[in-house]
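Remarks on the structure that follows.
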Amino acid sequence: MGRWEPDARGRLAQAAFELYAEQGYERTTGAEIAGRAGMHERSFFRLFSDKREVPFHGMEQVALEFASSIREAPPEATAIQATRLAVEERCRLIQQSRAHAKLRREVVSGSADLRERDLAKHGELVDAIAAVLQERGTDKMASTLVAESCVMGMRIAVGAWLDRDEDSDLVDVFRAAMAELAALLEG
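This is the structure we're talking about:
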């Protein structure tokens, strides 16, 4: 029944997060996730290599969006300016799904496996950003420093934003985090 419905990965991810919230990540199986989504277990494993990949559903697309945004930045924009604009764009999207971001943080922080996978996925994002900055003419060290700084700034900003009241603006929190980093580097 469910296998012909659109966005199978999205439905599996939604089902997984529901189950993770109800019974925890460690106690949830791929079969349960597939069942909740109205799909067969084989469908789950065709779309996800394992249940650790579910919280990172869409990260490949995020990397492509970052690259596209950086490529589209004005030619006169510095590497940090182009990357910050891309991060701010992503922050606006994250802000639209605060409840999901909060649940994702709970799920990931509750599992050593997922924390490790989170670092690896963000490392891949850093690599993608650094590569596109190099395409724009930034040298390897500078592109890596910019990418690492902006991705870490975004991660810290998202955590701080989730700890604040719901009226706070994630872009403002990110900008404040980057200003704090700049002040620390100058001091």
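First residue of the sequence shown: 1, per our numbering; consecutive thereafter. Here a beta-carbon is modelled for each residue, glycine too, at the ideal position from N, C-alpha and C.
Below 8 Å between beta carbons: does that hold for residue i and residue j?
i: F17; j: V107; result: yes
i: T83; j: L133; result: yes
i: L114; j: P55; result: yes
i: T138; j: A79; result: yes
i: V158; j: I70; result: no
i: V171; j: R92; result: yes
i: A101; j: L185; result: no
State the Cα-Cα distance for the pair residue i and residue j, rounded to the nearest angstrom.
i: D127; j: D169; result: 27 Å
i: R105; j: M154; result: 14 Å
i: D7; j: M39; result: 12 Å
i: G2; j: I33; result: For G2, the pLDDT reaches just 44, beneath the cut-off of 50, and the residue's location in the model is therefore unreliable, although a value from the coordinates is still provided. If I take the Cα positions, the gap works out to 13 Å.
i: A73; j: A86; result: 9 Å
i: T28; j: E41; result: 13 Å
i: S68; j: G187; result: 34 Å
i: V150; j: G58; result: Rather than Val, the amino acid found at residue 150 in this sequence is Cys. If you take the alpha carbons of C150 and G58, they lie about 19 Å apart.
i: R36; j: R164; result: 32 Å
i: Q81; j: D50; result: 37 Å
i: A183; j: L64; result: 31 Å
i: A99; j: V62; result: 19 Å
i: V173; j: G10; result: 28 Å
In terms of alpha-carbon separation, which member of the options lies closest to residue i?
i: L125; options: E60, I94 and E135; result: E60
i: G24; options: A112, L184 and V62; result: A112
i: L181; options: M152, D7, E116 and E41; result: M152
i: G110; options: S97, G123, H57 and R52; result: R52
i: S97; options: R46, E166 and G30; result: E166
Could you round the C-beta distance between residue i and residue j to whole angstroms and report it? I think they count as a contact, below 8 Å.
i: F44; j: L12; result: 6 Å
i: A15; j: L103; result: Incorrect: roughly 13 Å between the Cβ atoms, too far for contact.
i: A160; j: A147; result: About 20 Å; that fails the 8 Å criterion.
i: R90; j: F66; result: 7 Å
Which parts of the stretch 3 to 89 are runs of the alpha helix (DSSP H), unbroken and 4 residues or longer, counting only runs that do not cross its ends?
Qualifying alpha helix (DSSP H) stretches, in chain order: 8 to 23, 30 to 36, 41 to 47 and 59 to 72.
Segments assigned alpha helix (DSSP H), at least 4 residues, entirely inside the stretch 91 to 157
Runs found: 98 to 109 and 112 to 135.
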